[in-house]
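Novice:
Numbering (the numbering used here), first residue to last: 826 to 1792.
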């Protein structure tokens, strides 16, 4: 990078002297920057400062499971697939490979950034989330453990110099694409501390995280880009100068879609004060952000110290990356060619290892593994049988393997029969048949142009160098795939998908569906005796223009009459009938029906895909179903009917080979589910219900019977568990030991899972909670003694809302060892001594409204725009709160209610005991605004003494902040 070479030792400024402490170097550089230069550094695209020899700097290089958006790179399995490996060692090595490729790619293209936005540590609370593929697991311990491993690999092991600077996404409680920039996640304190914060906490404390990115959504009524938890929690977990990078466009949302402030100056000032350091807004145009910061300074909303604080954090990160010492110099630990590999044999082998370890065997009644010597013909069928799909955060493939290709290579091409299972159709209009004209294309030139077009693939335009579809006398057979919900793709015989470019014409021009707005999806809408063809990307309808087929408004829509040449299930049945075994590969395209910006509405397989496995099984009972997907499906019928069922996330460049090696027994499967597979979406709460305790969600609290439980996964061998022991060590930890033996017929990996349970606890606790695990390789007949040490507070603690702190209650706990959350092999008890937990000291501390034990019909809202929570009624006008074990001492005579009421009609807060004894009905008058609080005092009609459960009922548009009691 030009301008980064250090000067001569005698003349170089202190900020370029690696012998000085980082803080002193950053202070020196900050002092040399002018106020305008400092403000400019707050934008994602910080300009160069030529007079100081500082190069331009960009925050944000996508690197979730490989280097993304910068052209070809090694593509590893999706993050949820890496989560399915349950292997911190593997994930660390993947992170190391990705970080190495970032450095190698930067050496040839300075646009490649070293501040990487990865990994995503949002918990997979609801499998309908469109970005399910980006997370590791529904469990905070497993997510945090894998995130710590990945960031350690990205960061590197040098004590001072960082290979890359990882930023965790997306702070906080973010699991919905529906209204993602305006919806508020209602997160009670226990869920906040035990679940959402926990996923970030462990990874940050591990020391390889450079910062976080706030999410688009609001939490308890306050935008995440103003989160008080950045200051109250995140920055207390480490001494590092963490950088907070905004999500794209989110700063503008504060005064835009969220209407949280009246002006953008107020929004940017509040974000800076909350701790946001880098503003990702208006793409590469920094002028608006700069103008807003200047406006905030002029209005006195912030002073220069707020800018300096943010810039200091950014410069500290840049210093750690080695920018001020000169990239590629003799002191750069990452300049050695041996540490700057790109697409190396080691990386290819690692991609294969990751693909193998990510495969989860869900069911096997003896069909698998296939015997390469004894199995004759294998039918490989389904719309994903010959695919190697990418997602929004993938790099471009350097190489690929599909299941069909890999099985043909393993068994011989003559022993593999393929049927895609898409319908072959023709489209007829009143003027003739839809046809795809032939035309010479420069494919490689087009691909190279697309690679060079922009850093952000959302800006990539569709191709216009091919002729549009026309109407003629001769039809073109099209492959129609129905991805569910009426969403279709149509593919020409050339293999290219029908798509629409900016000029509106329909062409067979796309290699795959993709892009921020997918232009390759269509829907057939019934119209009279025919159908209209609606384009998904534009919402327009296909019409026939003089130059060819084009998208226009509905009034010009052409009526199409689809004719099916062959049904996909017929082709699948024919291939299956003549085979010795059938592998049906179904699942999703990561750009369609469940992706960023789009949640799923169902867990069901698309109906067209459901018909395929049924057709294959009817033709050949020796049928295995492989689900290749970014998320779980509810496939109860398939699980009941088929002899074998597997799942793998989209497994990157080696996906097909990894799967084939598992199917053929070269590798015994050992992937484990990183989230619960529910039997039906009816088992799930509302998508926006973030209270996993109250809604009984995730394996932690789910009371029903899942289709497949968290942690589930089978093997071709067997493992026995014995000798479980547990004790409290002298270092404030729980020490667990157990013996695991491979008692089966082959070598294999076992994922040993350790859970804690608190039967009889005073608060609702998880059924069991994962506290430790290990993936261990055992040869046939081998036995190993495993040791785990977990801090007591992490293993057995919870957030005590009664006292506002993390606590461990005395009592008897159970430690479970097993192969999944539902397959517990051994249980041991551990008793902790100590004084009994004290009740709520309400006379001394009062009750914060958000610190309830249970609630119904309420939501948490922002007490002020800066910090604090209050409780309000939800959709109904009545809400109820329960506070357990309130100690009223010798007697409470009066209550004070601190609340705000914006409505003209006022509101009411009622108090009564568990036996129904009424205590008070407090009328709260209008206060003039949602943040205008008043305190109303009322005498208790039946002064309580001693310890009681307190019930509080809210009526009307009240925002309750706290209750106080006096004797």
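Note that beta-carbon positions come from the ideal geometry of N, C-alpha and C, so glycine has one too.
Report buried or exposed for residue 1050, applying the criterion of at least 16 other Cβ atoms within 10 angstroms of its Cβ.
Specialist: Under this definition residue 1050 is a buried residue.
Novice: Report the CB separation of residue 903 from residue 958 in whole angstroms; it is logged as a contact under 8 Å.
Specialist: Between residue 958 and residue 903 the Cβ distance is about 5 Å, and since that is below 8 Å, they are a contact.
Novice: Is the distance from the Cβ of residue 1042 to the Cβ of residue 1005 below 8 Å?
Specialist: Going by C-beta atoms, residue 1042 is nearer than 8 Å to residue 1005.
Novice: When you compare only the Cα positions, how much space is there between residue 1550 and residue 995?
Specialist: The straight-line gap from Cα to Cα measures roughly 38 Å.
Novice: Are the Cβ atoms of residue 1429 and residue 1458 separated by less than 8 Å?
Specialist: Yes. Within cutoff.
Novice: Give the single residue among 1013, 1021, 1406 and 1791 whose Cα lies nearest to the Cα of residue 997.
Specialist: Cα-wise, what sits closest to residue 997 is 1021.
Novice: What's the C-alpha gap between residue 877 and residue 1150?
Specialist: Taking the straight line joining both Cα atoms gives about 13 Å.
Novice: In whole angstroms, give me the CA-to-CA distance for residue 938 and residue 883.
Specialist: Between residue 938 and residue 883, the C-alpha separation is close to 6 Å.
Novice: Count the other CB atoms, across all protein chains shown, that sit within 10 Å of the CB of residue 1739; report buried if there are 16 or more and exposed otherwise.
Specialist: When all chains shown are included, residue 1739 counts as exposed.
Novice: Using a Cβ-Cβ cutoff of less than 8 Å, which residues in the same chain neighbour residue 1743 once the five nearest sequence positions on both sides are dropped?
Specialist: Taken in chain order, the residues that qualify are 1735, 1736, 1737, 1766 and 1767.
Novice: For the alpha helix (DSSP H) containing residue 1434, name the first residue and the last one.
Specialist: Taken as a continuous stretch (DSSP letters only), the alpha helix (DSSP H) holding residue 1434 covers 1432–1444.
Novice: Please report the straight-line C-alpha distance between residue 1076 and residue 1113, rounded to a whole angstrom.
Specialist: Approximately 11 Å between the Cα atoms of the pair.
Novice: DSSP three-state label for residue 1790, please.
Specialist: Strand at residue 1790.
Novice: Suppose the cutoff is 7 Å on Cβ atoms and the five residues either side in sequence are ignored; what does the same chain contact list for residue 1715 look like?
Specialist: The residues are 1770 and 1792.
Novice: Please go through the same chain and pick out, in chain order, the residues whose beta-carbon is closer than 8 Å to the beta-carbon of residue 1056, but skip the five residues on each side of it.
Specialist: Answer for residue 1056: 1099 and 1100, listed in chain order.
Novice: Is residue 1498 closer than 8 Å to residue 1537 when the C-beta atoms are compared?
Specialist: Yes, they are a contact pair.
Novice: Quick check on the burial criterion: 16 or more other C-beta atoms within 10 angstroms. Buried or exposed for residue 1760?
Specialist: By the neighbour-count rule (16 or more Cβ atoms within 10 Å), residue 1760 is not buried but exposed.
Novice: Which one or two residues does DSSP pair with residue 1300 in a beta bridge?
Specialist: In the DSSP output, where bridge partners are listed per residue, residue 1300 has none listed.
Novice: Along the chain, where does the alpha helix (DSSP H) that runs through residue 1025 open and close?
Specialist: It spans 1022–1030 - the alpha helix (DSSP H) in which residue 1025 sits, taken as one unbroken run.
Novice: Give a yes or no on whether the C-beta atoms belonging to residue 1206 and residue 864 are separated by under 8 Å.
Specialist: Going by C-beta atoms, residue 1206 is not nearer than 8 Å to residue 864.
Novice: Please classify residue 1278 as buried or exposed, where buried requires at least 16 neighbouring CB atoms within 10 angstroms.
Specialist: Bear in mind that the predicted position of residue 1278 carries a pLDDT of just 48, short of 50, making it too unreliable to give a figure here.
Novice: Note the first and the last residue of the continuous alpha helix (DSSP H) segment covering residue 947.
Specialist: Careful: residue 947 lies outside any alpha helix (DSSP H) and carries neither H nor E.
Novice: Could you tell me which residues DSSP puts in a beta bridge with residue 1575?
Specialist: For residue 1575, which the question treats as bridged, DSSP gives the partners 1601.
Novice: Compare the Cα-Cα distances from residue 908 to each of 935, 973 and 852 and report the closest residue.
Specialist: When each option's Cα is compared against that of residue 908, the closest is 973.
Novice: Is residue 1166 helix, strand or coil when you go by DSSP?
Specialist: Three-state result, residue 1166: coil.
Novice: Measuring straight from C-alpha to C-alpha, what distance separates residue 830 and residue 858?
Specialist: Confidence at residue 830 is low in this model, with a pLDDT of 43, below 50, so its placement is unreliable and no value can be given for it.
Novice: Looking only at DSSP bridge pairs, what is residue 1567 linked to?
Specialist: Answer by DSSP bridge pairing, in chain order: 1544.
Novice: With a 10 Å radius around its C-beta and 16 neighbouring C-beta atoms as the bar for buried, classify residue 1238 as buried or exposed.
Specialist: With fewer than 16 Cβ atoms within 10 Å of its Cβ, residue 1238 is classed as exposed.
Novice: Could you give the first and the last residue of the continuous beta strand (DSSP E) run that contains residue 1356?
Specialist: Run containing residue 1356: 1355–1360, per the beta strand (DSSP E) assignment.
Novice: State the Cα-Cα distance for the pair residue 1449 and residue 1630, rounded to the nearest angstrom.
Specialist: Going by the C-alpha atoms only, they are around 50 Å apart.
Novice: My guess is that residue 1311 and residue 1418 are in contact by the Cβ rule of under 8 Å, so how many angstroms apart are they, rounded?
Specialist: 10 Å between Cβ atoms; not a contact.
Novice: What are the complete alpha helix (DSSP H) segments, minimum 4 residues, inside the stretch 1500–1548?
Specialist: Complete alpha helix (DSSP H) runs here, min 4: 1523–1526.
Novice: By DSSP, does residue 915 sit in helix, in strand, or in coil?
Specialist: Helix.
Novice: Residue 1139 to residue 1155, Cα distance in whole Å?
Specialist: Spanning the two alpha carbons is a distance of roughly 24 Å.
Novice: Residue 1026: which of 1292, 1063 and 1191 sits nearest, CA to CA?
Specialist: For the residues 1292, 1063 and 1191, the minimum Cα distance to residue 1026 belongs to 1063.
Novice: Would you please state the rounded distance, in angstroms, between the beta carbons of residue 1325 and residue 1376? I believe it to be under 8 Å.
Specialist: That pair is a contact at about 5 Å.
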